[in-house]
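Colleague:
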Amino acid sequence: MAKKAKTAITPTRTEDYTEWYQQVVRASDLAERSPVRGCMVIRPWGYALWENIVRELDDMFKATGVKNAYFPLFIPLSFLEKEAEHVEGFAKECAVVTHHRLEKGPEGGLVPAGSLNEPLVVRPTSETIIGDSFSKWVSSYRDLPLLINQWANVVRWEMRTRIFLRTSEFLWQEGHTVHATDKDAIERTRLMLDVYAKLAEEYLAIPVIKGTKTPSERFPGALDTLCIEAMMQDRKALQAGTSHFLGQNFAKASDIKFHSAEGTEEYAWTTSWGASTRLIGGLIMTHGDDDGIILPPRVASSHVVIMPIAKKPEDRSKVMEYTETLAKELREKYYHHRRIQVEIDDRDVGGRGWDWIKKGIPVRVEIGPRDIADNSVFIGTRDKEYKDRSSLKRDQFVAEITNILDEIQDTLFQRALTFREKNTIIINDNKQFYEFFTPQNQDKPEIHGGFSLSPWCGSEECESKIKEDLSVTIRCIPFDNEAEKGNCICCGKPDSKQVIFAKAY
RNA sequence: CGGGGCGUGGCGCAGCCUGGCAGCGCGUCUGCUUUGGGAGCAGAAAGUCGGAGGUUCAAAUCCUCUCGCCCCGACCA
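Counting from 1, position 25 in the first sequence corresponds to residue 24 in numbering that gives the first Met the number 0; the numbering is continuous, with no gaps.
(1) According to DSSP, is Thr211 part of a helix, a strand, or is it coil?
(2) Report, in whole angstroms, the separation of the C-beta atoms of Pro144 and His175, which I expect to be a contact under 8 Å.
(3) Taking the beta strand (DSSP E) that Lys256 belongs to, which residues open and close that run?
(4) Where do the ends of the beta strand (DSSP E) carrying Cys475 lie?
(5) Check the C-beta distance from Ser453 over to Ile476 and give it rounded, since I have them as a contact under 8 Å.
(6) Less than 6 Å between C-beta atoms, sequence neighbours within five positions excluded: which residues of the same chain meet that for Trp353?
(7) Between which two residues does the beta strand (DSSP E) holding Phe163 run?
(8) Hey, could you find the ends of the beta strand (DSSP E) Gly280 is sitting in?
(9) Span of the beta strand (DSSP E) holding Trp455?
(10) Using the beta-carbon count (16 or more within 10 Å), is Gly491 buried or exposed?
(11) In chain order, what residues of the same chain lie with their CB nearer than 8 Å to the CB of Leu115, ignoring the 5 residues before and after it?
(12) Suppose contacts are defined by Cβ-Cβ distances below 8 Å. Is Val304 in contact with Asn51 by that definition?
(13) I want to know whether the stretch 207-220 touches the stretch 229-247 - three or more CB-CB distances under 8 Å.
(14) The beta strand (DSSP E) that contains Ser300, what's its start and end?
(15) Helix, strand or coil: which one does DSSP assign to Glu157?
(16) I think Ile488 touches Phe432, with their Cβ atoms under 8 Å apart; what is that distance to the nearest whole Å?
(17) Grab me the residues of Ser139's own chain with a C-beta within less than 7 Å of its C-beta, minus the 5 sequence neighbours each way, in chain order.
(18) Would you tell me roughly how many angstroms separate the C-alpha atoms of Ala415 and Pro206, rounded to the nearest one?
(19) Please look up how many angstroms separate the CB atoms of Lys484 and Ser495, rounded, as I've assumed it's under 8 Å.
(20) Measure the alpha-carbon distance for Asp405 versus His302 and round it to whole angstroms.
(21) Which ranges would you report for the alpha helix (DSSP H) in the stretch 337-373 if only whole runs of at least 4 residues count?
(22) If you draw a straight line from the C-alpha of Ala196 to the C-alpha of Lys209, how long is it?
(23) Pull up the distance between the alpha-carbon of Ile279 and that of Phe163, whole angstroms please.
(24) Where DSSP assigns a beta bridge to Asn402, which residues make up the other side?
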């Protein structure tokens with residue numbers, strides 16, 4: 000029997016994927032559970048990652064003319080009631096504020112007092128309260144389009160939470176736009192989806208499939224929901240961003256009207272679109288390995304760690320000086336309009352390299368007296384095996400650092416893309432479909448299945464039958480395969496369009 | 001919210017059945033050794049055994065209640 004390789008994370012992905020995920024989150028110092036049920040503390044290493052995602056997204060939004068604003072955390076209950084489907088969609092998971100004061104209770108402690116006339120809902124999303132502002136901001140076609148985004152926290156009282164993937168409170172951005180025509184609104188919906196896809200693929204190195212949600216998976220109140228779907232390493236799908244065409248539903252609910260060029264009064268057309276801290280969960284499950292997370296350089300919390308090796312006291316000042324100078328030079332360089340961020344870890348402990356591997360830093364540099372004598376550095380990159388390290392001339396390393404980072408970025412994307420392609424199959428046969436999504440061992444289901452590209456007739460009956468039988472849902476109707484037709488995988492009806500079926504987070 | 005599992009130093013766990021000084025591995029700290037690496041030796045700190053109540057001379061262990069976490073289902077970014 001081969002000796003099992005030692006991994007920094009126990010268990011490994013194949014042993015227990017969900018437990019692996021939790022251990023990675025902990026070991027990488029990204030986040031931890033909070034004393035508040037279903038909530039998380041995002042630690043500095045995780046928050047830096049989020050800040051980088053925010054910076055890139057925000058920049059891309061602004062490039063399309065979007066402006067940032069901020070709306071209240073509290074939404075009057077009556078606002079949420081305005082759009083029928085919307086209420087129904089969110090009512091079950093709302094935190095409600097009913098009091099505005101605390102008083103000493105009869106048995107000590109504090110009890111809520113001063114009940115509110117109208118309860119306030121902690122925003123699960125802000126369509127209604129933003130709509131209220133928009134109704135005042137919009138009066139003429141000259142005010143349109145109105146392109147607004149807010150970075151905020153929202154609360155959805157989830158039954159079951161998973162750190163980053165589904166927490167009761169999470170950070171996100173929600174964009175809200177108003178347009179004079181349905182065509183403009185639909186275009187905007189698609190444009191923002193493209194922004195999310197660009198962020199996912201070019202920055203997070205997560206390949207995504209762009210498509211449309213089926214009516215049953217739509218945002219409550221939307222006419223159309225577009226999404227990007229990614230495959231995690233357990234072959235399940237993760238929705239990584241959504242963009243909604245809201246038609247005139249919310250304009251009618253919030254009374255967003257404008258005078259057209261023709262002099263008539265019209266209801267406006269609106270969109271909303273969002274991406275959240277869930278992206279970090281997607282990042283972990285796309286790139287992580289049995290030694291921890293792997294951060295794509297373009298959003299990495301930090302790019303390089305330098306670990307000086309100076310066990311003899313007389314070497315120390317020389318090694319530290321070499322280290323500091325190298326760090327300074329690297330920090331003066333830019334990688335994707337961000338200054339290269341360098342950590343120096345001079346702790347004199349064995350195993351410090353593993354701390355950084357678990358945290359997923361792209362480049363590790365070791366510097367000892369021998370490297371200095373040779374005017375070189377000893378580097379390892381996170382996309383390669385631990386043992387796969389090599390010596391490089393110092394000046395060459397400094398000159399090449401952005402290329403090294405780009406190479407890691409490419410490797411991560413290509414690896415994820417290959418994985419997805421390998422696990423995406425075209426299935427036209429019902430029996431094969433059921434086999435694909437049925438685990439061999441029902442008691443302890445192994446990692447199985449993947450994405451199946453199969454025809455679907457469009458009926459909700461077939462969609463829900465498959466969901467009931469296999470816990471498999473239609474993740475999206477991909478834009479790319481619109482021409483392809485076949486016999487519905489469930490009922491056999493001809494001329495059905497190709498959709499992506501998968502188990503989902 | 002239904003079914004199942006689990007709460008014991010920072011992390012992972014044993015001990016519980018059969019009540020009798022709270023343990024192990026990793027990590028942390030100190031010292032020595034080692035000196036191109038997930039180190040070795042010695043020592044140390046760190047726990048009201050999730051919480052409350054009960055049974056008992058005695059409770060991590062038995063009983064009742066409660067809170068939290070994890071898995072499966074329903075719901076969802």
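Note that beta-carbon positions come from the ideal geometry of N, C-alpha and C, so glycine has one too.
Modeller: In terms of the structure at hand:
(1) Within the first sequence, the letter at position 212 stands for residue 211. The answer is strand: DSSP assigns Thr211 an E or B state.
(2) Position 145 of the first sequence, counted from the start, is the residue given in the question as residue 144. Position 176 of the first sequence, counted from the start, is the residue given in the question as residue 175. Not confirmed; about 11 Å, so no contact.
(3) On the first sequence, residue 256 is found 257 positions in, with the first residue counted as 1. Residues Lys256 to His258.
(4) Locating residue 475 in the first sequence gives position 476, where the first residue counts as 1. Taken as a continuous stretch (DSSP letters only), the beta strand (DSSP E) holding Cys475 covers Thr472 to Pro477.
(5) Taking the first residue of the first sequence as 1, we reach residue 453 at position 454. Taking the first residue of the first sequence as 1, we reach residue 476 at position 477. Not really, about 11 Å apart at Cβ, beyond 8 Å.
(6) If you number the first sequence from 1, residue 353 lands on position 354. Closer than 6 Å at the Cβ level, and outside the excluded window around Trp353, lie Ala7.
(7) Residue 163 sits at position 164 when you count from the first residue of the first sequence. Unbroken run through Phe163: none, as it is neither H nor E.
(8) Locating residue 280 in the first sequence gives position 281, where the first residue counts as 1. Note, Gly280: premise wrong, no beta strand (DSSP E); alpha helix (DSSP H) at Arg277 to His286.
(9) Residue numbering aside, residue 455 sits at position 456 when the first sequence is read from its first letter. Phe450 to Trp455 is the span of the beta strand (DSSP E), which, as asked, contains Trp455.
(10) Within the first sequence, residue 491 is the residue found at index 492, counting from 1. Its Cβ having fewer than 16 others within 10 Å, Gly491 is exposed.
(11) As a first step, residue 115 must be located in the first sequence, where it is residue number 116. Val96, Thr97, His98 and His99, listed in sequence order.
(12) Translated into positions along the first sequence, residue 304 becomes position 305. Translated into positions along the first sequence, residue 51 becomes position 52. It is not a contact, given that the beta carbons lie outside the stated cut-off.
(13) yes
(14) Residue numbering aside, residue 300 sits at position 301 when the first sequence is read from its first letter. Where Ser300 is concerned, there is no enclosing beta strand (DSSP E), given that its DSSP letter is neither H nor E.
(15) Here residue 157 is taken as the residue at index 158 of the first sequence, counted from 1. Correct three-state label for Glu157: coil.
(16) Taking the first residue of the first sequence as position 1, residue 488 is located at position 489. Taking the first residue of the first sequence as position 1, residue 432 is located at position 433. Correct: roughly 5 Å between the Cβ atoms.
(17) By one-based count along the first sequence, residue 139 stands at place 140. If we look at Ser139 and ignore the five residues flanking it on each side, its Cβ neighbours are Phe257 and His258.
(18) Locating residue 415 in the first sequence gives position 416, where the first residue counts as 1. Locating residue 206 in the first sequence gives position 207, where the first residue counts as 1. Going by the C-alpha atoms only, they are around 7 Å apart.
(19) Here residue 484 refers to the residue found at position 485 when the first sequence is read from its first residue. Here residue 495 refers to the residue found at position 496 when the first sequence is read from its first residue. At roughly 6 Å, the Cβ-Cβ gap stays under 8 Å, so Lys484 and Ser495 are in contact.
(20) Looking up residue 405 in the first sequence gives position 406. Looking up residue 302 in the first sequence gives position 303. Going from the Cα of Asp405 to the Cα of His302 covers about 11 Å.
(21) 351-358 and 368-372
(22) Counting from 1 along the first sequence, the entry for residue 196 is found at position 197. Counting from 1 along the first sequence, the entry for residue 209 is found at position 210. Looking at the two C-alpha atoms, the distance is approximately 7 Å.
(23) Stepping through the first sequence from its first residue, residue 279 is reached at position 280. Stepping through the first sequence from its first residue, residue 163 is reached at position 164. About 6 Å.
(24) Numbered from its first residue, the first sequence carries residue 402 at position 403. The partner list for Asn402 (beta bridge, DSSP) is empty, contrary to what the question assumes.
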